[in-house]
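Asks: First, the structure itself, so that you have it in front of you.
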Amino acid sequence: MAEESEVIALLDEAVSSMGGQSRPGQHEMTRQVVRAMETGEHLLVQAGTGTGKSMAYLVPALAHALGSEKPVVISTATLALQAQIVGRDVPRLLSSLKDKLPREMEVALVKGRSNYVCQYKLSGGYPDDDEGALFSMESGTPVLGGSSEGPGSALGQEVVRLRQWAERTDSGDRDDLTPGVSDKAWRQVSVSAMDCLGAQKCPMAAECFSELARARAADADVVITNHAMLAVSAFEGLAVLPDFDTVIIDEAHELQDRVTSSVTRPLSVNMVQTAASAARKHCSVSVDALNQGAKALQRALEGVPTGLMARGLNEDQEAAINQIAEAARVVLSDSKPEANAPADGGRQMARSQVMYLVEQCTKMLEMTEEREVIWASRPGHFSPGEGYVQPDESSQPTLMVAPLSVAGKLREGLFDGRTVILTSATLAIGAAFEPVAGSLGLVGDGAPTWNGVDVGSPFDYPKQGILYVAKHLAKPGRQMSQETLAEIEDLIKASNGGALALFTSRRAAEDAAEILRARLDIPILCQGESSMKALVDQFSAEPDTCLFGTMTLWQGVDVPGNACRLVIIDKIPFPRPDDPLSSARSRDVAKHGGNGFMAVAASHAAVRLAQGAGRLIRSVNDKGVVAVLDSRLATERYGTFLRASLPPLWATPNKATVISALERLSEG
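In the numbering used here, the protein residues as written are 55 to 722.
Below you can see the structure in the form of structure tokens.
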């Protein structure tokens, strides 16, 4: 590892060659990252927006990799940041340091297998998801049958374009396909990790895009991946990443949720029936016992309400799941291919579904209240006049199982024996790193040592922005009130557009957009009406346009300049009261003598609120208003806790002052 002063010099050289100038916070973050790599002590570093944290960890990562036999892994939560690092930051950095580094550096990208085109599936090695109907032609000839005529459906056209692209792409990576295609079309040319035949059995392994990407990663100095892949590595113990002893986790405030999501597993009657059908069709084995198990589960789940199953499985449910597990084991045994049998994608796909049943049923039967949470989930339907989505209790439930906490597993599978550096613009709540550290396994008996540092922000928040809390509004209810809609209307009128409106539900965003379009002569875009990239690009390019949306926008929008001069937040982003996992975690905290609401719901809301407010000031020249239309931020005791997580904007409850400021901004 190069000396700290040498790494700082490399950083200055890189930033200068890109036309910028290093900042004190960026220098301090780089020093902290270098020290963590030298000492092996875990690091939590909060770096405000505009610090330049990507460069502050990429330069030390390259310097460390020069003297290490193992690559440095960098993990992100979002594809947007992953694409930014791989497509922009790394190429610019390597170009700027070309004459300063002793050798060429290799940087590789690793994603899940389903993100790549499967060459074997493309050649017909797997059955079509929709029994070939996707590829039907107007003339009746299947595209996959070799006809030169065009497909008769939009979906078929997407698949044709995919096949043409697959013949010329060097990466096979879905993100390199422009314009993109629907998930349904992509499934026609990709397989999951479970359905993959594997390098030993696949006849096209030498051409496999996923295997080629992993081979490049094995020889790379730096590997870029995502939190889900880290979770597979930590929880499943699978070698999806090359061996590493240093990892930098960006967007670390998302790590707990992303890891939890990636290891949450469903089980339903339909899944059992689908697996049985596939095994019968592709493996030619008897599946009567498996279908009987599906019927037993259906009976056992009758009348089970949507939501947390606080007492776990009852006797009938356990018996049905055990019946499915035993039947699935028999099917696996009966369907095992002979030693020298040729590759068979259909058989592999069917067996992977049955194997999943064995694994999931076994986990459910072995779970304990102290370690796992189980709940019943159903698709929702919109209730007219109510303004919210409620589950359709007449439908069959899906059983969902998730770990109550990922802390212990992360401590064992990720932090043990490695140096882990976690960074985000919102990693501490107030000045405390302990809430996030505790959720990741860094607090408690036997926890490894760590250091928490806030390197600050280059922005003068009190001079650049205003925090307006609409204290006069009533406590928000399930539906958005007319008073809240009027408040949004007044604010947007004063700013003459340029507003990013963040809502805690999709329905609220859509309803507000529809109503306000009729009231305002200002363009309003709404999430879901186009791709996220297209919406954000249009919002950035049109200074008087507004963009309404939900949680994706709370964290995924980077629009510096006057195009975003007003950020509106409709409610404090608490977890839904009926969220089973949050409810279970709150109960667990309370059972151990803590405050479940503050430890779970309030901490969750604090980080999300800070992320939302952070959309406003993105450069040293930005100015604007963050308007929170939830009076509880000013009136409830927990409001002080939540406000401590926000950027230190100049705060006022005076609407007239805010309207005047917005009018001045709109003129500038």
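The beta carbon of each residue, even a glycine, is placed where N, CA and C say it ideally should be.
Values in this document were obtained by computation on a predicted structure and should not be read as measured data.
Of all the options Gly179, Ala247, Ala68, Arg85, which has the alpha carbon lying nearest to the alpha carbon of Lys152?
Replies: Selected option, being the one with the closest Cα: Ala68.
Asks: How would you call Lys335, buried or exposed, if buried means at least 16 neighbouring beta carbons within 10 angstroms?
Replies: It is exposed - the Cβ of Lys335 has fewer than 16 other Cβ atoms within 10 Å.
Asks: So, is Pro78 buried or exposed, given that buried needs 16 or more other C-beta atoms within 10 angstroms?
Replies: The residue is exposed, with fewer than 16 neighbouring Cβ atoms inside 10 Å.
Asks: For the beta strand (DSSP E) holding Pro489, just list the boundary residues, first then last.
Replies: Where Pro489 is concerned, there is no enclosing beta strand (DSSP E), although the alpha helix (DSSP H) it sits in stretches over 488 to 493.
Asks: State buried or exposed for Ser714, treating a residue as buried only when at least 16 other CB atoms are found within 10 Å of its CB.
Replies: Exposed, because fewer than 16 other Cβ atoms sit within 10 Å of the Cβ of Ser714.
Asks: Between which two residues does the alpha helix (DSSP H) carrying Ala329 extend?
Replies: Its alpha helix (DSSP H) spans residues 323 to 337.
Asks: For the alpha helix (DSSP H) that contains Leu112, what are its first and last residues?
Replies: It spans 107 to 120 - the alpha helix (DSSP H) in which Leu112 sits, taken as one unbroken run.
Asks: According to the Cβ coordinates, are Met409 and Asp249 closer than 7 Å?
Replies: Cβ atoms of Met409 and Asp249: not closer than 7 Å.
Asks: Tell me the rounded alpha-carbon separation between Ser594 and Cys618.
Replies: When rounded, the distance between both Cα atoms is 8 Å.
Asks: Please name the residue or residues paired with Asn505 in a DSSP beta bridge.
Replies: Paired residue(s): Leu97.
Asks: What residue range is occupied by the uninterrupted beta strand (DSSP E) comprising Pro457?
Replies: Note, Pro457: beta strand (DSSP E), 452 to 457.
Asks: So, do the region 455 to 468 and the region 297 to 315 have three or more beta carbon pairs nearer to each other than 8 Å?
Replies: As far as the Cβ criterion goes, the region 455 to 468 touches the region 297 to 315, which means the pair count is three or higher.
Asks: Please classify Gln254: is it buried, with 16 or more other beta-carbons within 10 angstroms of its beta-carbon, or exposed?
Replies: The residue in question, Gln254, is exposed, as its Cβ has fewer than 16 Cβ neighbours within 10 Å.
Asks: Sort out for me which residues DSSP pairs Ile303 with in a bridge.
Replies: Paired residues: Ser129, Leu476.
Asks: Just the C-alpha distance for Thr130 and Ala354, rounded to the nearest angstrom, thanks.
Replies: Approximately 41 Å, taken between the alpha carbons.
Asks: Quick one: residues in its chain with C-beta nearer than 8 Å to the C-beta of Asp544, no 5 flanking neighbours on either side, listed in chain order?
Replies: Excluding sequence neighbours, Asp544 sits near Lys709, Ile713.
Asks: Could you compute how far the alpha carbon of Lys517 sits from the alpha carbon of Glu221?
Replies: Each residue's alpha carbon lies about 54 Å from the other.
Asks: Among Gly603, Leu112, Met418, Ala540, which one has its Cα closest to the Cα of Leu64?
Replies: Ranking the options by Cα distance to Leu64, first place goes to Leu112.
Asks: Specify, as a first and last residue, the run of the beta strand (DSSP E) that Phe289 falls within.
Replies: Here Phe289 belongs to no beta strand (DSSP E), and DSSP marks it neither H nor E.
Asks: Go to Leu521, then tell me how far its beta strand (DSSP E) extends in each direction, as first and last residue.
Replies: 519 to 523 is the span of the beta strand (DSSP E), which, as asked, contains Leu521.
Asks: Assign Ser685 to buried or exposed, taking buried as 16 or more other Cβ atoms, counted over all protein chains shown, within 10 Å of its Cβ.
Replies: That one is buried.
Asks: Taking contact to mean at least 3 C-beta pairs separated by less than 8 Å, is the region 91 to 110 in contact with the region 503 to 513?
Replies: A contact exists between the region 91 to 110 and the region 503 to 513.
Asks: When DSSP labels each residue in this structure, what does Ala56 get in the three-state scheme?
Replies: Coil, per DSSP.
Asks: Roughly how many whole angstroms lie between the Cα atoms of Ala162 and Gly121?
Replies: Straight-line Cα distance between these residues: approximately 18 Å.
Asks: Can you list, in chain order, the residues of its chain with a C-beta nearer than 6 Å to that of Val507? Leave out the 5 residues immediately preceding and following it.
Replies: Gln86, Val99.
Asks: Would you check if the region 645 to 660 and the region 688 to 702 touch, i.e. whether three or more CB-CB distances between them fall below 8 Å?
Replies: Counting Cβ pairs under 8 Å, three or more are found: they touch.
Asks: Starting from the C-beta of Trp219, find all residues in its chain whose C-beta is less than 6 Å away, skip the five residues before and the five after it, and write them out in chain order.
Replies: Correct list, in chain order: Leu231.
Asks: Going by C-alpha distance, which of Pro145, Leu116, Lys124, Ser168 is nearest Arg157?
Replies: Checked all of Pro145, Leu116, Lys124, Ser168; the closest Cα to Arg157 is Leu116.
Asks: Decide yes or no for the touch test of the region 300 to 310 against the region 471 to 478: beta carbon pairs closer than 8 Å, at least 3 of them.
Replies: Contact between the region 300 to 310 and the region 471 to 478 is present, because at least three Cβ pairs lie under 8 Å.
Asks: So what's Asn169 in DSSP terms, helix, strand or just coil?
Replies: Looking at Asn169 - three-state DSSP - the assignment turns out to be helix.
Asks: Thinking C-beta only, is Ala653 closer than 7 Å to Gly603?
Replies: Their beta carbons are not under 7 Å apart, which means Gly603 does not touch Ala653 by this criterion.
Asks: What do you get for Leu458, buried or exposed, if any count of 16 or more other CB atoms within 10 angstroms of its CB means buried?
Replies: Burial call: buried.
Asks: Excluding five sequence neighbours on each side, which residues of the same chain lie with their C-beta closer than 6 Å to the C-beta of Cys172?
Replies: These residues qualify, in order along the chain: Ser244, Val245.
Asks: Taking Thr503 as the reference, give the member of His96, Met91, Val61, Ser76 with the closest Cα.
Replies: Nearest C-alpha to Thr503: His96.
Asks: Count the other CB atoms, across all protein chains shown, that sit within 10 Å of the CB of Thr422; report buried if there are 16 or more and exposed otherwise.
Replies: Answer is exposed; the Cβ neighbour count stays below 16.
Asks: So Leu419 and Ile375 are supposed to be a Cβ contact under 8 Å. How far apart are they, rounded?
Replies: Confirmed, Cβ separation roughly 6 Å.
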